[in-house]
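Protein chains in written order, with numbering that gives the first Met the number 0: chain A, 0 to 328; chain B, 0 to 742; chain C, 0 to 209. Positions of the beta carbon are idealized from the N, C-alpha and C atoms, including for glycine.
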Amino acid sequence: MKSFDYVAVTKPADAVRLMEPQFRFIAGGTNLVDLMKYEIERPDRLIDISRLPLDRIETTDAGIRIGALARNSDVAADPAITRQFPLLAEALLAGASPQLRNMATMGGNLMQRTRCYYFYDATQPCNKREPGSGCGAIGGFNRIHAILGTSEGAAKTQCIATNPSDMNVALSALDAIVQVTGPKGTRAIPVIDFHRLPGDTPERDTVLEANELITGLDLPKPAIPGKSYYLKVRDRASYAFAVVSVATRLAVENGRIQDVRIALGGVAHKPWRIVEVEKNMVGKAATEETFRAAAQQLVAGAKPHEHNAFKVQLAQSAIVRALQTVATS
Amino acid sequence: MAKKLIGDPIDRIDGDLKVTGRARYSADMKRPDMVYGVLVMSSIGNGRIRSFDTAETLKMPGVLTVMSYGNAPKVAGINKNKPSEVATDRVMSLFQDNKVHYNNQPIAMVIADTFEHAVDGAARVKVTYESQKPKPPLPAGRNNTFTPERLPRYDDQVDTKRGNLKAGLSGASTKVTETYTTPTQTHNALEPHALIAYWEGEKLTMYNATQGVSGVQKRISELFGMPKENVRVIAQFVGGGFGSKGATWSHVMLAPMAAKLVGKPVKLVLMREHMFGMVGWRSSTVQKMVVGTKKDGEFTALSHDTISQTSAFDEFAEPAGTISRMMYASPNMESTHRLIRANIGTPSAMRAPGEAPGVFALESVVDEVAYAINMDPIALRLKNYAETDPHKNLPFSSKSLRECYQQGAERFGWAKRTPEPRSMREGNELIGMGMASSIYPVNRAESTALVRIKPDGKVQVETGTQDIGTGTYTVMTQVAADVLGLSPDDVTLSAGDTRFPESTTSGGSRTTASTGSAVTQAAQAVLKQAKQLAYKDKRSPLFNVAEAEIVAENGRLQTKSDPRQGETFVSLLKRNGSKPLEAKMLSKSADEKDNYSLNAFGSIFAEVRIDEALGRIRVSRMIGTFAAGRILNAKTARSQILGGMIWGVSMALLEDTLIDPRTGRVMNPNLAEYHVPVNADIEEIDGFFIEEKDETVNPAGVKGIGEIGVVGSVSAIANAVYHATGKRIRDLPITLEKVLDYR
Amino acid sequence: MEYTNHKNYIIDGAGRRWFLKQSSALVGMLALPPLIGQAGTAPASSVPPGLPMKRAITLRINRKAYRIEVEPRETLLDVLRERLDLIGSKKGCDHGQCGACTVHIDGRTANACLLLAVMQQDRDITTIEGLAPSPDRLHPLQTAFVEHDGLQCGFCTPGQIMSGVAVLREGHAGSTAQIKEWMSGNICRCGAYSGIVDAIEAVQKGGRQV
């Protein structure tokens, strides 16, 4: 790990003011320190934001506001969260290990970087880590990679990395909003727009600007209450990244779908949601047939690679299973 | 002291040290003025180093030097650094030339005052290469093989032939021919390879995480061209080895070289990502199996052809076919071993080398035959039960496999299984039950132990073995206490240091058979001395009592007929000058291997639950039943076989070292993406022993239990997966996409 | 066994009052302002790379205060092991993937390999060395690990025990399945899992406060 300067701040404004492109904010550090050890991240200075007063979980009229520095384990155990947004708690508890959840913050989890093997090995080509260097995963090992929304045009921008977070998938299905502060003031970014597809700039995981600080997350009360489920398929029974995961929320009345959200993890550069598919499901019978049709539409246009073709089928089966589980619960 | 000693489930004697964090492993040692080494690894798979640019590194604070080709001390005994006559000696990368044989090969070492400075310095070394295309590992090159010079175990032939395979196959009513493949597996002991090396004049001391202190001592002294006595190797605690710490690898030589170069003690701990290549791994295999059988299940022919891979600069052949030669009574049997060369680090022995992948293939194909002829898998195995070793043509010293099948089936509830694949289901899960045989040969090597009875009645045992987690320290203590009729509390064991009498490497499940026999014999010899002393001592209650009439029990020497007639070691020695009695014994095999086939056997039964829609596979139950001679400590023995069975789960379902054929680089060199089981992966699991009294096998009467747990577990799970799903997975690991329902 | 002692720290046996007694090399470091609250005056420009940027920090570990100078990049694990000779916390992977370095920070488990020491001031850090109530008495879970043979090579054991204590304290030992899930952040390559679970269950059934 290269040498760096360190400064701790107590006010969000100081954090923003001190930020420069070669600096990084650090809170839990579970991903950043790991990346620094592999020389993937090489900041000149760390700005320690871990003691900013941004760790509260508050119930508001509109829903729940979670501070960016709330620990994953605290959020997962919070009674308001488990009562109103159990999907988030389930997804958080499906991720990482108890130790890591104790350390990791909500803001940090939003910023978690891909587990692509080629991103993590500084000797290998990776357009995300080193723009223009190529993509090692295409033609290499790509079992854990994306099948949807990939960037496969010019060699210099190719990227088939996935977002590894479980939490992000749940937040996507919950229509969460990311609260951000920066030199130009604050802004609110719906989480579905927060993470991005690789496009021509796979080095950018999110729309966050370099000197912006995540201050919190808003979970809006759903207009139509329903039930939810987080389904994670992984290679180990615990402590493994998702091969495929599904976060779903479903409201059914008299056998008809009133409202539905389906977000997929492990298949794309961001949690995969198609709002149109969800809208089309409203009013239809909550049956396996409907679920299967929706699943098909969600993975339409999937572009698998040598080792991950199975995800096309697995994602659909997982969607159907998740929706069935909610519908029959 | 009514306690029976042998077999007693006594707690580990090093338990308290380990649970309090006071047990010092090699990387926990400190020396005054110690500096830190960090390796620089190659980033190409094949070629030469053109240049090192170390300017930035050398300017960094705390960096002492960069050791690489050019300034590395010349290795006096470099002629010994080649494929050697000693099967376990590996060719090392010692910075004596600029060749790169594989990706992630050590090519330089940065030495600095702190760990952080050394890590930073290593990252700043710039290397330019002349790069060539690396030769890819299996399955590439499987049509371009060569015959290895030998298999790792001395008495294993490379190829064998018994009877006439062709004739056997033509006499078969059913023939099954299938190919099984296994991936490259990496040991990943939780303790990284580590050592601290320092020189005092000509004398070298190393705290080294090794499975064999004396092996390291020999190899390192030979390479430095110095007397063995000048090298001291200490391994008080070793955080697992599984074979990877059995050979002496490059870093064990590089650290003392660096210590010489900088004139300070050097601590070198490998990074987790460095341990994928330079410290061995289990080779990938391609195994073709052919079985011919009559309608009633009698095998008429069996063949097993293995291809594994070795490095570009050394030779190690995975001996996968050796068990197939002797497991079943097929009159016609052929086996071959072939190799391909690839630009990878040299493979090596990994827990049950050969047996684990080989018995996966064998016990899978036997299961396939059972389905092909519609016969119960246990019945088929009993039909072909080898009453004598058909390969060596020798009787077994003991074999209780039949009892293992029977007791295992009962405990597991095999009778409740409906044989038809896909016939058992609960909710979203298909249920599968599978079984397989397990086996592991008895190995034994020369070992020496010294046992001393001190005037205070306490006993000191000295032997240069090491405890890699198997319970050796505890069991050796028990063995001595048992022979001398004492409580283990009265026995102190000194081990893990070449200062003590030379013992063998802890590998091949041989420690208890080898060192245990040495301790047994030394304790018996010293006991004999005590009896003789009493016999001649007019003041002893045992004066003139014949040796055979004296027993050591309850801390006393006493007559068999009257326990009151006797005395303690303390009183005996006090009257005889208060001098200790001691005996040192070298224990080695006699002719038992010429007259008997020596093996431990077992059965594994596994239940899996598979959610086909999601591909999720759970091993919901596993029962292992083993017959392995005498069990010296029921508690540590059970732990060890359960650990082996968990390795079976791991090999069957999880482990896979991803070597990119384009670069020869391992793409998952970490514990997040190289999967081994976590606690939640292991559901109901239990292991049992069938006690065998085998006086032929060795003086300790033990067969070794370190590896047998792995062997049958892999195929028991694969067979259960077939029973659950109707899908025969012949390619490990059985990951979710292989059982996924694609309808 | 030979190893150097690191005496540049102070011990408050009672664990209540903190006092400092630096070695001469450390005198003067106390004059530095505390790190927290420094933001307002911190320079906004980048510091030239390569400078040794050591900080004097105080860490509260096992009810003792340790005053040391660290580089910001030193992890808590390396400081424990290399600087303070608290070698019970092990380095198995150095990337938060094995759990061998598990310690308690303010009573909760964390992977010390991913924590920067400089960020741990004012936290209560407990390592395996500080778990037992006194040097001659074991914590009940330590005793149970020995009794149920929840270990083989012992390398993952300190981390397992630190996690096991948290599982018991936090109420995650309600069922075997729950224990297995909440112990899954600690890899045991020897495969001592069933003994580990047995040990935790035994302490849970014993009903003692841990």
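| Check | Outcome |
| --- | --- |
| Under the DSSP definition of a beta bridge, which residues are partnered with His147/C? | Per DSSP, none; premise fails for His147/C. |
| Quick one: measure Cβ to Cβ for Ala448/B and Pro500/B, integer angstroms, because I've assumed they're closer than 8 Å. | 6 Å |
| Can you name, in chain order, every residue of its own chain whose Cβ lies under 6 Å from the Cβ of Ala24/C, other than the five neighbours on each side? | In this prediction, Ala24/C has a pLDDT of 29, which is less than 50 and means its spatial position is unreliable; what the coordinates show is noted afterwards. Counting only Cβ-Cβ distances below 6 Å, and skipping sequence neighbours, we find nothing. |
| So, helix, strand or coil for Leu45/A, using DSSP? | strand |
| For Val69/C, count the other beta carbons within 10 Å of its own beta carbon; 16 or more makes it buried, fewer makes it exposed. Which is it? | buried |
| Measuring alpha carbon to alpha carbon, tell me which residue in Asn143/B, Tyr101/B, Arg123/B is nearest Phe275/B. | Tyr101/B |
| Taking contact to mean at least 3 C-beta pairs separated by less than 8 Å, is the region 258–277 of chain A in contact with the region 293–300 of chain A? | yes |
| Are the region 347–358 of chain B and the region 250–257 of chain B touching, with three or more C-beta to C-beta distances below 8 Å? | no |
| Return helix, strand or coil for Ile377/B, following the three-state DSSP convention. | helix |
| Can you list the residues of chain C that Met110/A reaches, using a CB-CB cut of under 8 Å? | Ordered by position in chain C, no residue passes the 8 Å Cβ test against Met110/A, which lies about 15 Å from the chain. |
| Between the C-alpha atoms of Tyr5/A and Leu150/C, what's the straight-line distance to the nearest angstrom? | 39 Å |
| Assign Val85/B to buried or exposed, taking buried as 16 or more other Cβ atoms, counted over all protein chains shown, within 10 Å of its Cβ. | exposed |
| By the 7 Å beta-carbon criterion, what residues does the region 672–698 of chain B contribute toward chain C? | Val675, Val677, Asn678, Ala679, Ile681, Ile684 |
| Under 7 Å: does the beta carbon of Ser602/B sit that close to some heavy atom of the ligand ADP? | You won't find the ligand ADP in this model; it holds no ligand whatsoever. |
| Which two residues bound the contiguous alpha helix (DSSP H) that contains Asn697/B? | Neither: Asn697/B is in no alpha helix (DSSP H) and is coded neither H nor E. |
| Just the chain A side, please: which residues come within less than 7 Å of Thr734/B by C-beta, in chain order? | Asp234 |
| Can you list the residues of chain B that Tyr116/A reaches, using a CB-CB cut of under 8 Å? | Leu657, Met666, Asn667, Glu672 |
| Measure from the alpha carbon of Gly642/B to the alpha carbon of each residue in Ala717/B, Gly708/B, His722/B, then state which is nearest. | Gly708/B |
| Here's the rule: buried if 16 or more other CB atoms are within 10 angstroms of the residue's CB, otherwise exposed. What is Asn101/A? | buried |
| Can Ile110/B and Thr56/B be called in contact, C-beta distance under 8 Å? | no |
| Tell whether a beta-carbon distance below 8 Å holds between Val177/A and Phe193/A. | yes |
| Which whole-angstrom value is the C-beta distance of Met277/B and Gln104/B, which I expect to be below 8 Å? | 6 Å |
| Using only the alpha-carbon positions, how far apart do Trp17/C and Tyr673/B sit? | For Trp17/C, the predicted model reports a pLDDT of 26, less than 50, meaning its position is unreliable and no value from the coordinates is stated. |
| Straight-line CA distance for Arg729/B to Arg141/B? | 17 Å |
| Starting from His303/B, trace the beta strand (DSSP E) both ways and give me its first and last residue. | 298–309 |
| Closer than 7 Å, Cβ to Cβ, to anything on chain C: give me those residues from the region 103–114 of chain B, in chain order. | Phe114 |
| Which same chain residues, not among the five before or five after Pro163/A, have their C-beta less than 7 Å away from its C-beta? | Gln111, Thr113, Arg114, Phe240 |
| Nearest-angstrom Cα distance between Gly663/B and Gly344/B? | 10 Å |
| Give me the Cα-Cα distance between Gln95/B and Met108/B, rounded to the nearest whole angstrom. | 13 Å |
| Kindly say whether Asn141/A, judged by its beta-carbon, lies nearer than 8 Å to any beta-carbon of chain C. | no |
| Sort out for me which residues DSSP pairs Phe22/A with in a bridge. | Arg44/A |
| Less than 8 Å between CB atoms is the rule here; does Asp119/B satisfy it with respect to chain A? | yes |
| Quick check on Trp181/C: does DSSP put it in helix, strand or coil? | helix |
| Give the single residue among Leu76/C, Cys152/C, Asp93/C, Lys53/C whose Cα lies nearest to the Cα of Ile124/C. | Leu76/C |
| Given Ser227/A, which residues of its chain have a CB within under 7 Å of its CB, disregarding the five upstream and five downstream residues? | Pro85, Leu86, Thr247, Arg248, Val325 |
| Runs of 3 residues minimum, wholly inside the region 244–323 of chain B: which ones carry the beta strand (DSSP E) assignment? | 265–268, 284–292, 298–309 |
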